[in-house]
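Engineer: Encoded as structure tokens, here's the structure I'll be asking about.
Residue numbers (this note's numbering), protein chains in the order written: chain A, 59 to 313; chain B, 59 to 313.
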């Protein structure tokens, strides 16, 4: 689907806690859906450790391959929060104390009566030339350098940051999606699906198996930006399912 | 933690359904825990689309960087199941019909009275020279080429495959973990944590914030292979938390 209107993004999840299995990432599904609504395809995701070399390698691989890159995690006040320094290294820019971010933190901690420790001030550090991303939940901002958007790992804060930057994203056409399900094993419908995919090269057809009361079935997801093509493919899919003895229903049944 | 006993692994999750947000990956947390028990660190994960170039790039980047690589997804009978062909391309080996896999599928479909369609036979295709990985759930096997293990995406099948291969994995020392939590904001404990990390460079100290009844706290996770070091660090952490007015409790409170 090498469409000129296809705009792509990558997500880099930063954090040992995800790779140890301790914390389940919740940012990928949110970002996938939000980007999709704006006509941006989440084309890859990576989960990397809190190690500068790993973050630099992922940021540099992704920012040259995809239109947008989002990182989550590693922007707090503790020693294991090294995302800002790593992104600075990836862009070969110095890490500076961002004056506007510092002012925001000073005002916030003055207002709340808590001490602005050196550790908390670290949250004002960004690569030189970064643009801040507002954090209306807990003040410490994210930031943007070129096509890389650095966001918090905590889902509520990540989502608030995304909402504040989303207006800037230029998407392509929204990817539409329809799903038909029927109690037909994948191995039975596979040949017909291949024919259907060949007939509609501009669409993406995915097959997801399920078991319902011990009987195998498949949910077939058809995605694309051309609504007429999408509807035509789904009608042919419905006929295919009927021919194979299935009772197609609109919607997903696979897990 | 450049420890000679550190054995590393990467996970490559293959599937548009994960990147569209439609399906939540459940294999990463399972694999992280299983590997950890065997002294293998899950050091990176990638989620890539059902596109050959993307799979080849990820497999080749990871198999030269990490001791073990696991892939999940894309080994079913339908047109969008291209993992075997992509892994063959990554190793520059021909894709062949594996005789043993074919025999297994023929016996299975004969026994169940279902038709062994061409699509189902595709599940016997592997790169030349691959070793099969048993699938006691639904027969169609995974396979191994050098340090790359190709597993199913459906969690129950993936887990059965992992269990059948796990005996072959050579791990390092098991990574032990202890966690102390206290109602101390990260910005308050950060300086002490940095000192602690500096004093125990062989351990990995992670800080995860939480809110409890509106009060900020932090769960501090200490991980390492040396139990004496680990226990010593945790005792120093306990003293640090008490000094900062917290009431440390063993265990995790962060989400």
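Beta carbons are placed, not taken as given, at the ideal position from N, Cα and C, and that holds for glycine.
According to DSSP, what are the bridge partners of residue 202(A)?
Structural biologist: As a working note, residue 202(A) is residue 144 in the first chain. Per DSSP, 189(A) and 207(A).
Engineer: Using the Cα positions of residue 116(B) and residue 195(A), report the straight-line distance between them to the nearest angstrom.
Structural biologist: Here residue 116(B) corresponds to residue number 58 of the second chain, with the count starting at 1. Here residue 195(A) corresponds to residue number 137 of the first chain, with the count starting at 1. Each residue's alpha carbon lies about 36 angstroms from the other.
Engineer: Note down, in chain order, all residues in the segment 117-147 of chain A with a beta-carbon under 7 angstroms from any beta-carbon belonging to chain B.
Structural biologist: Those would be 134, 135, 136, 137 and 138, in chain order.
Engineer: Take the Cβ of residue 300(B) as the centre, count every other Cβ of all protein chains shown within 10 Å, and call the residue buried at 16 or more, exposed below.
Structural biologist: Translated into positions along the second chain, residue 300(B) becomes position 242. By the neighbour-count rule (16 or more Cβ atoms within 10 Å), residue 300(B) is not buried but exposed.
Engineer: Check whether the Cβ of residue 178(A) lies closer than 8 angstroms to any heavy atom of the ligand ZN, and answer yes or no.
Structural biologist: No copy of the ligand ZN occurs in the structure displayed, which carries no ligand at all.
Engineer: Compare the beta carbon distance of residue 212(A) and residue 132(A) with 9 angstroms and say whether it is the shorter of the two.
Structural biologist: Locating residue 212(A) in the first chain gives position 154, where the first residue counts as 1. Locating residue 132(A) in the first chain gives position 74, where the first residue counts as 1. Against a cut-off of 9 angstroms, the Cβ pair of residue 132(A) and residue 212(A) comes out as no contact.
Engineer: Check residue 313(A) in the structure and name its three-state DSSP category.
Structural biologist: The residue you call residue 313(A) lines up with position 255 of the first chain. Looking at residue 313(A) - three-state DSSP - the assignment turns out to be coil, as it is neither helix nor strand.
Engineer: Any residues in the segment 178-200 of chain A with a beta carbon nearer than 7 angstroms to a beta carbon of chain B? Which ones, in chain order?
Structural biologist: If the cut-off is 7 angstroms between Cβ atoms, the segment 178-200 of chain A has 178 near chain B.
Engineer: Residue 74(A) touches chain B at which residues, Cβ-Cβ below 9 angstroms?
Structural biologist: Residue mapping note: residue 74(A) aligns to position 16 of the first chain, counting from 1. Here the neighbours are 262, 264, 279 and 281.
Engineer: If you count every other CB in all the chains shown that lies within 10 Å of the CB of residue 180(A), and 16 or more means buried, which is it?
Structural biologist: Locating residue 180(A) in the first chain gives position 122, where the first residue counts as 1. Buried.
Engineer: Are residue 104(A) and residue 208(B) closer than 9 angstroms when you measure CB to CB?
Structural biologist: What you label residue 104(A) is simply residue 46 of the first chain in a count that begins at 1. What you label residue 208(B) is simply residue 150 of the second chain in a count that begins at 1. Cβ distance not < 9 angstroms, so residue 104(A) and residue 208(B) don't count as in contact.
Engineer: In three-state DSSP terms, what is residue 129(A)?
Structural biologist: Your numbering for residue 129(A) matches position 71 in the first chain. Strand at residue 129(A).
Engineer: Which residues in chain A sit within 7 angstroms of residue 244(B), going by Cβ to Cβ distance?
Structural biologist: Taking the first residue of the second chain as position 1, residue 244(B) is located at position 186. The answer, in chain order, is 134, 135 and 136.
Engineer: DSSP beta-bridge partners for residue 98(B)?
Structural biologist: The residue you call residue 98(B) lines up with position 40 of the second chain. Residue 98(B) pairs with 65(B).
Engineer: Quick check on this structure: which residue in 101(A), 111(A) and 108(A) has the alpha carbon closest to the alpha carbon of residue 107(B)?
Structural biologist: Stepping through the second chain from its first residue, residue 107(B) is reached at position 49. Here the closest residue by C-alpha is 101(A).
Engineer: Flag residue 247(A) as yes if its beta-carbon sits less than 9 angstroms from any beta-carbon of chain B, otherwise no.
Structural biologist: For this step, residue 247(A) is matched to residue 189 along the first chain. With 9 angstroms as the cut-off, residue 247(A) counts as an interface residue toward chain B.
Engineer: Going by DSSP in three states, residue 183(B) sits in which element: helix, strand or coil?
Structural biologist: Within the second chain, numbered from 1, the residue matching residue 183(B) stands at position 125. In the structure shown, residue 183(B) sits in a strand (DSSP, three-state: E or B).
Engineer: For residue 161(A), count neighbouring Cβ atoms within 10 angstroms of its own Cβ and tell me buried if that reaches 16, exposed if not.
Structural biologist: Working through the first chain from its first residue, we reach residue 161(A) at position 103. Classification for residue 161(A): exposed.
Engineer: Evaluate the contact criterion for the segment 222-241 of chain B versus the segment 142-162 of chain B: three or more CB pairs, one atom per stretch, below 8 angstroms.
Structural biologist: At 8 angstroms Cβ cutoff, the stretches do not touch.
Engineer: The alpha helix (DSSP H) spanning residue 269(B) covers which residue range?
Structural biologist: Locating residue 269(B) in the second chain gives position 211, counting from the first residue. Where residue 269(B) is concerned, there is no enclosing alpha helix (DSSP H), although the beta strand (DSSP E) it sits in stretches over 262-270.
Engineer: Could you tell me which of 291(B), 66(B) and 278(B) sits nearest to residue 138(A), measuring between CA atoms?
Structural biologist: Residue mapping note: residue 138(A) aligns to position 80 of the first chain, counting from 1. The shortest C-alpha separation from residue 138(A) is found at 278(B).
Engineer: Look at the alpha carbon of residue 182(B) and the alpha carbon of residue 246(A), and state the distance between them as a whole number of angstroms.
Structural biologist: The residue given as residue 182(B) occupies position 124 in the second chain. The residue given as residue 246(A) occupies position 188 in the first chain. Approximately 16 angstroms, taken between the alpha carbons.
Engineer: Do residue 249(B) and residue 159(A) come within 9 angstroms of each other at the CB atom, strictly closer than that value?
Structural biologist: The count along the first chain starts at 1 and reaches residue 159(A) at position 101. The count along the second chain starts at 1 and reaches residue 249(B) at position 191. Cβ atoms of residue 159(A) and residue 249(B): not closer than 9 angstroms.
Engineer: Assign residue 129(A) to buried or exposed, taking buried as 16 or more other Cβ atoms, counted over all protein chains shown, within 10 Å of its Cβ.
Structural biologist: Taking the first residue of the first chain as 1, we reach residue 129(A) at position 71. It counts as buried.
Engineer: Residue 59(A) to residue 120(B), Cα distance in whole Å?
Structural biologist: Sequence index remark: in the first chain, residue 59(A) carries index 1 (1-based). Sequence index remark: in the second chain, residue 120(B) carries index 62 (1-based). With a pLDDT of 44 at residue 59(A), under the threshold of 50, the modelled position of that residue is not reliable, and no figure is offered here.
Engineer: Who does residue 72(A) pair with in a DSSP beta bridge?
Structural biologist: Working through the first chain from its first residue, we reach residue 72(A) at position 14. In DSSP, residue 72(A) forms a bridge with 106(A).
Engineer: Quick one: does residue 259(A) have its CB under 9 angstroms from some CB of chain B?
Structural biologist: Stepping through the first chain from its first residue, residue 259(A) is reached at position 201. Closer than 9 angstroms: no.
Engineer: Does residue 285(A) come within less than 9 angstroms of chain B when only Cβ atoms are used?
Structural biologist: Here the question's residue 285(A) lines up with position 227 in the first chain. Output row for residue 285(A): interface = no.
Engineer: Whose C-alpha, out of 97(A), 258(A), 168(A) and 141(A), is nearest the C-alpha of residue 110(A)?
Structural biologist: Within the first chain, residue 110(A) is the residue found at index 52, counting from 1. Nearest of 97(A), 258(A), 168(A) and 141(A) to residue 110(A), Cα basis: 141(A).
Engineer: Examine chain A for any beta-carbon lying closer than 9 angstroms to the beta-carbon of residue 219(B), and answer yes or no.
Structural biologist: Here the question's residue 219(B) lines up with position 161 in the second chain. Chain A contact via Cβ: absent.
Engineer: Step through the CB atoms of chain A and report whether any lies within less than 9 angstroms of the CB of residue 290(B).
Structural biologist: The residue you call residue 290(B) lines up with position 232 of the second chain. Not one chain A Cβ lies under 9 angstroms of residue 290(B).
Engineer: Buried or exposed: residue 237(A), going by 16 or more other Cβ atoms within 10 Å of its Cβ?
Structural biologist: Working through the first chain from its first residue, we reach residue 237(A) at position 179. Under this definition residue 237(A) is a buried residue.
Engineer: Thinking just about the alpha-carbon of each residue, which of 252(B), 242(B), 78(B) and 272(B) is nearest to the one in residue 307(B)?
Structural biologist: Within the second chain, residue 307(B) is the residue found at index 249, counting from 1. Ranking the options by Cα distance to residue 307(B), first place goes to 242(B).
Engineer: When you compare only the Cα positions, how much space is there between residue 168(A) and residue 198(A)?
Structural biologist: Within the first chain, the letter at position 110 stands for residue 168(A). Within the first chain, the letter at position 140 stands for residue 198(A). Approximately 14 angstroms between the Cα atoms of the pair.
Engineer: DSSP on residue 215(A), reduced to helix/strand/coil?
Structural biologist: Here the question's residue 215(A) lines up with position 157 in the first chain. It is helical.
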